[in-house]
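Chains A and B are the protein sequences, given in the same order.
If you read the first sequence in this note's numbering, its first letter stands for residue 909, the second for the next number, and so on.
If you read the second sequence in this note's numbering, its first letter stands for residue 909, the second for the next number, and so on.
Okay, structure first, notes after.
Number of protein chains: 2
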Amino acid sequence: MEVQARVGAHLQRRGLRWSSTRDAVVSAFLASPHHVTVDELLARARRREPGVGHATVYRTLRLLEEIGVALSHRFGDGPTRYEPAAGVPHHDHLVCTACGRVVEFVEPGIERLQEEVSRAAGYVVHAHRLEIHGRCPECRRGAREVTA
Amino acid sequence: MEVQARVGAHLQRRGLRWSSTRDAVVSAFLASPHHVTVDELLARARRREPGVGHATVYRTLRLLEEIGVALSHRFGDGPTRYEPAAGVPHHDHLVCTACGRVVEFVEPGIERLQEEVSRAAGYVVHAHRLEIHGRCPECRRGAREVTA
DNA sequence: GTCGCTGCAAAACGTTTGCATTTAG
DNA sequence: CTAAATGCAAACGTTTTGCAGCGAC
């Protein structure tokens, strides 16, 4: 597993350890769809390691972010959501304001213009984040309610 | 004052009232720089009406957002920040990851591409939000620390 | 045997809400 | 007089932290 190896290398380099709990959380993360919440991850990790506490999930996710394997987003209100950063090309998000569904998209032109703007302002870019909020096609017909 | 009139009209239309506390908060908001926090607003409002509670600031800000006079942003971690929505053209934000400074910019090409992406996906856009995170020119030279 | 990791509970944080009271209309 | 608005404190949901014990190396 590519990602596991990458995580392992970082842990070793920093004198950190590989535990079965950590393995359960990382595996849960890798097996999850994009934009999972900590609670969803906790439930999945507990299927393998029933005693996992939620603090551990938070701590592990922070580690994965530092390593560059996970990305976090806060769409609208609720809890922070996580997605893989490794092996997944950069993309932006379309968020439905009615049902909460999130769609990913890539628009090279936008990426390029962002680079230009940043360069012109003299910034060294670390990250960027674009969210478009609107009603998705399904929610435009019929009174579907908020689900996610 | 244009904005005050707009707020007044909405209040009347909805059977809401214009109190001196509300006036203090709205004035504080209008007199503040962009991207103020609730705490900053509270401090400023208290200069005129010392007893204001923070719940009132939150409630008033929510009202201003509903009316379309204020916009909220959550850059990175901290508290929600507010800026005027009326009379200020749409813009995006460059956030310095070192000092927290926020610069506004407009890039019509990005706006246009966002519209195209949304239309292609069948979404009806309500809002969009683009943040670019990086080191600002000042923070690139010298080890300036996080301030905001 | 070290020192990092863990679960738990408690704290922290920003925000919202319930309620008794005040106040605008 | 009615109902909206207020301040306070308590509640909320999410995330972080302190700590004593456990477990990897």
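From the three backbone atoms N, C-alpha and C, an ideal C-beta is built for every residue, glycine too.
Residues of the segment 1020-1033 of chain A whose Cβ lies closer than 7 Å to any Cβ of chain B, in chain order: L1021, Q1022, V1025, S1026, A1029, G1030, Y1031, V1032, V1033.
Residue-level contact by beta carbon holds for A:I1040 and chain B, with a gap shorter than 9 Å. According to the DSSP secondary-structure assignment, B:L1038 is paired through a beta bridge with A:L1038. Residue range 989-992 is occupied by the beta strand (DSSP E) that includes A:R989. Per DSSP, B:F1013 is one residue of the beta strand (DSSP E) stretching across 1010-1013. Beta-carbon to beta-carbon, A:G984 and A:V1003 are separated by about 7 Å, close enough to satisfy the 8 Å threshold. Taking A:S940 as reference, the option from A:S928, A:R930, A:A953, A:Y1031 with the minimal CA-CA separation is A:A953.
A contact between stretches requires three or more CB pairs, one per stretch, nearer than 8 Å, and the segment 998-1012 of chain B meets this requirement with the segment 1025-1042 of chain B. The C-alpha of B:E974 lies about 47 Å from the C-alpha of A:H918. Interface residue (Cβ-Cβ distance to chain B less than 9 Å): A:R970 is not classified as such.
In the displayed model, A:H998 falls within coil according to three-state DSSP, outside both helix and strand. The beta carbon of A:A994 is closer than 6 Å to those of V911, V977 in its chain, skipping five residues each way along the sequence. Apart from sequence neighbours up to five positions away, the residues of its chain that approach A:G916 with a beta-carbon distance below 8 Å are W926, ordered along the chain.
Nearest to A:R970 by C-alpha distance, out of A:V1033, A:R921, A:R989, is A:R989. In this structure, B:A936 sits near B:L949, with a CB-CB distance shorter than 9 Å.
Among the residues of chain A, those whose CB is under 8 Å from the CB of B:P1045 are A1029, G1030, Y1031, following chain order. In the DSSP assignment, A:L924 falls outside any alpha helix (DSSP H) and carries neither an H nor an E. Scanning chain B for C-beta atoms nearer than 9 Å to the C-beta of A:A1035 yields T1005, E1039, I1040, H1041, G1042, reported in chain order.
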